DNA sequence: AGCGTTACCGACAAAAATGTCAATAACAAA
DNA sequence: TTTGTTATTGACATTTTTGTCGGTAACGCT
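Chains as they are written, first to last, in our numbering: chain W, 80 to 279; chain S, 80 to 279.
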């Protein structure tokens with residue numbers, strides 16, 4: 080009677096799988112409940128493992144958060160990199176590209192990630208962001224085929240609006256009693272008109 | 080030698096003053112270091128009082144955060160309420176009004192407050208926001224003198240952009256290597272053009 | 001001055017969150 | 001099958017954060 084045995088067999092994953100499993104759990108926690116729910120016990124529970132397992136793979140809860148940021152940023156960069164908006168493209172193509180950009184931020188919590196980063200002081204974490212932004216900016220600007228200065232402006236404008244709308248659009252719309260994607264719709268409409276006027 | 084005396088005289092405030100002092104300290108903590116620094120010890124230290132004093136006035140650290148939210152929201156509502164943009168106003172007046180709106184969110188951390196609210200799950204806290212938004216929307220829409228449906232759209236658009244730019248504009252601009260207010264400048268320019276076209 | 005109220009504080013207690021460790025068990029390789 | 005490696009875990013230890021309590025002192029009032 081002195082020893083308690085656990086009947087359910089352990090799941091033994093490869094280190095990579097295990098890390099991915101934990102980060103995925105943490106990501107959905109972040110998106111659904113916010114950064115303050117990224118506690119060791121919560122992450123472990125969501126991942127279906129013991130607290131000690133999380134620490135075994137990451138060393139600390141801070142390292143989990145750091146790794147999560149890096150993974151989400153990498154995903155976001157991939158999404159953005161996949162967007163191609165040649166300067167001479169027809170308006171419809173530009174519209175599609177911008178929609179994709181806005182989607183990248185609104186869905187899967189990239190905007191929430193950005194807000195988390197923004198509210199989080201730690202400058203150490205920002206180096207990852209800085210690198211990612213520069214990667215994207217460089218590629219996007221060089222491939223845009225427009226004077227780099229105004230291209231930078233356009234990217235700054237588009238990304239700022241995309242992340243802002245992605246974070247606040249849904250809630251504000253709901254608060255005012257508007258349909259789900261109304262803020263994004265209005266913003267895209269305005270932004271496209273603006274771009275068209277600049278091009279024409 | 081058994082009793083340690085404290086030479087520095089106590090500051091005795093009225094309950095209202097004391098609460099205001101603590102909330103002000105908490106507010107600057109929120110703005111400068113983010114929500115996760117709103118810990119009991121940090122708030123108390125910033126306010127220059129003992130931990131127990133904070134609890135004496137608010138009961139719990141959660142109540143401090145709740146009160147802070149309510150105070151900041153009330154301030155923000157006041158700022159917005161003070162903005163008047165008659166439909167038949169000249170373009171310059173509209174530009175001023177929008178600038179004030181953007182300022183209200185960017186300065187003094189209203190955008191950060193909004194992000195905090197957005198990332199914070201607790202639905203109980205959202206009732207305050209809901210009420211504030213409805214107050215503002217009702218007044219603004221009724222006084223706008225335009226068809227209420229498109230007026231709502233304009234408010235949704237303006238506020239979403241204002242808070243998004245207020246939160247992310249500075250950092251993104253800095254990351255891309257643009258001057259401080261560039262994102263806001265670009266956004267305002269576009270938004271004003273958009274409004275003008277709608278009016279004309 | 002004397003007194004009552006209560007804002008204030010230090011010391012302590014409680015709770016919550018993070019991290020450590022030794023033992024266990026899954027799996028691959030010999 | 002046996003053995004070595006290590007992912008996994010429960011129990012425990014440590015740290016951090018929140019909250020309690022009795023006494024102290026500032027201030028208004030008589």
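Glycine residues also receive a C-beta, built at the ideal position from the N, C-alpha and C atoms. Given the structure is predicted, the values throughout are model-derived calculations rather than measurements.
May I ask you to verify whether the stretch 180-189 of chain S touches the stretch 230-245 of chain W, counting CB pairs closer than 8 Å and requiring at least 3?
Using a C-beta cut-off of 8 Å, the stretch 180-189 of chain S makes no contact with the stretch 230-245 of chain W, since fewer than three inter-stretch Cβ pairs fall below that distance.
If I'm right that residue 177 of chain W touches residue 159 of chain W with Cβ under 8 Å, what's the distance once you round it to whole angstroms?
Residue 177 of chain W to residue 159 of chain W, Cβ: 12 Å. No contact.
So which of W:239, W:96, W:275, W:150 has the shortest CA-CA distance to residue 267 of chain S?
Relative to residue 267 of chain S, the option among W:239, W:96, W:275, W:150 whose CA is nearest is W:239.
From residue 137 of chain S to residue 100 of chain S, what does the alpha carbon distance come to, in whole angstroms?
Residue 137 of chain S and residue 100 of chain S: Cα-Cα distance of roughly 12 Å.
DSSP three-state call for residue 241 of chain W: helix, strand or coil?
It is helical.
Counting only C-beta atoms, is residue 258 of chain W closer than 8 Å to chain S at any point?
Chain S, which has no Cβ nearer than 8 Å to the Cβ of residue 258 of chain W, makes this no.
Looking at the C-beta of residue 173 of chain W, does it have a partner C-beta in chain S at a distance below 8 Å?
Not closer than 8 Å to any Cβ of chain S, the Cβ of residue 173 of chain W fails to qualify, so no.
Spatial neighbours of residue 156 of chain S in its chain, beta-carbon cut-off 8 Å, leaving aside the 5 residues before and after
Taken in chain order, the residues that qualify are 211, 214, 215.
For residue 88 of chain S, collect the residues of the same chain with a Cβ closer than 7 Å to its Cβ; drop the 5 residues on either side in sequence, then sort them by chain order.
Around residue 88 of chain S: no qualifying Cβ.
Here's the rule: buried if 16 or more other CB atoms are within 10 angstroms of the residue's CB, otherwise exposed. What is residue 249 of chain W?
Buried, since its Cβ has 16 or more Cβ neighbours within 10 Å.
Let me know if residue 209 of chain S comes out buried or exposed under the rule of 16 or more other beta-carbons within 10 Å of its beta-carbon.
By the 10 Å Cβ count, residue 209 of chain S comes out exposed.
Which residues, in order along the stretch 112-132 of chain W, keep a beta-carbon less than 9 Å from a beta-carbon of chain S?
Within the stretch 112-132 of chain W, the residues whose Cβ lies closer than 9 Å to some Cβ of chain S are 112, 113, 114, 115, 116, listed in chain order.
Contact criterion: CB-CB distance below 8 Å. Does residue 239 of chain W meet it with respect to chain S?
Residue 239 of chain W counts as touching chain S.
Please state whether DSSP places residue 215 of chain S in a helix, a strand or coil.
Residue 215 of chain S carries a helical assignment under DSSP once its states are collapsed to helix, strand and coil.
How would you list, in chain order, the residues of chain W whose beta-carbon sits under 8 Å from the beta-carbon of residue 138 of chain S?
Those within 8 Å of residue 138 of chain S in chain W number zero; the least Cβ separation is about 20 Å.
Strictly under 8 Å for the Cβ-Cβ distance: is residue 265 of chain S near chain W by that measure?
Cβ-Cβ to chain W under 8 Å: yes for residue 265 of chain S.
At 4 residues or longer, and completely inside the stretch 124-192 of chain W: list those alpha helix (DSSP H) runs for me, N to C.
You should have 130-137, 140-160, 170-185.
Would you verify that the beta carbon of residue 199 of chain S is, or is not, closer than 8 Å to some beta carbon of chain W?
So yes, residue 199 of chain S belongs to the interface.
Helix, strand or coil: which one does DSSP assign to residue 257 of chain W?
The answer is coil: DSSP assigns residue 257 of chain W none of H, G, I, E or B.
Please determine, among W:228, W:107, W:262, the residue with the shortest C-alpha to C-alpha distance to residue 258 of chain S.
Measuring from the Cα of residue 258 of chain S, the nearest candidate turns out to be W:228.
Consult DSSP for residue 206 of chain S and reduce its assignment to one of helix, strand or coil.
Residue state, collapsed to three classes: helix.
Judging by CA-CA distance, which residue of S:242, S:98, S:149, S:271 is the nearest neighbour of residue 135 of chain S?
Ranked by Cα distance from residue 135 of chain S, the first of S:242, S:98, S:149, S:271 is S:98.
Span of the alpha helix (DSSP H) around residue 101 of chain W
DSSP places residue 101 of chain W in the uninterrupted alpha helix (DSSP H) bounded by 94-112.
Own chain, CB closer than 7 Å to residue 251 of chain S, minus 5 neighbours either side, in chain order:
These residues qualify, in order along the chain: 262.
Is there a Cβ from chain W that is less than 8 Å from the Cβ of residue 247 of chain S?
So, interface residue.
Let me make sure I understand the geometry here. Which of W:198, W:230, W:175, W:204 has the alpha-carbon closest to that of residue 264 of chain W?
Comparing Cα positions, the closest option is W:175.
Pick helix, strand or coil for residue 276 of chain W, following the three-state DSSP scheme.
Of the three classes helix, strand and coil, the one that applies to residue 276 of chain W here is helix, per DSSP.
Listed by chain order, chain W residues near residue 234 of chain S by CB distance under 8 Å
Within chain W, the C-beta atoms nearer than 8 Å to that of residue 234 of chain S come from 255, in chain order.
Once DSSP output is grouped into helix, strand and coil, what is the label at residue 117 of chain W?
It is coil, neither helix nor strand.
Whole angstroms are fine: how far does the CA of residue 271 of chain S sit from the CA of residue 173 of chain S?
Straight-line measurement puts the Cα of residue 271 of chain S at about 8 Å from the Cα of residue 173 of chain S.
Contact set between residue 251 of chain W and chain S, taken where Cβ atoms lie within less than 7 Å
Those are 235, 238, 239, listed as they occur along chain S.
Among residues of its own chain, excluding the 5 on either side of residue 241 of chain S, which ones have a beta-carbon nearer than 7 Å to its beta-carbon?
Same-chain partners within the cutoff: 180, 181, 184.
How many whole angstroms separate the CB atoms of residue 125 of chain S and residue 109 of chain S, which I take to be in contact at a CB cut-off of 8 Å?
The C-beta distance from residue 125 of chain S to residue 109 of chain S rounds to 10 Å, too long to meet the 8 Å contact threshold.
Chain-ordered chain S contacts of residue 272 of chain W [CB-CB under 8 Å]:
Per Cβ cutoff of 8 Å: 273, 276.
Alpha carbon to alpha carbon, what distance is there between residue 198 of chain W and residue 195 of chain S?
Roughly 8 Å between the two C-alpha positions.
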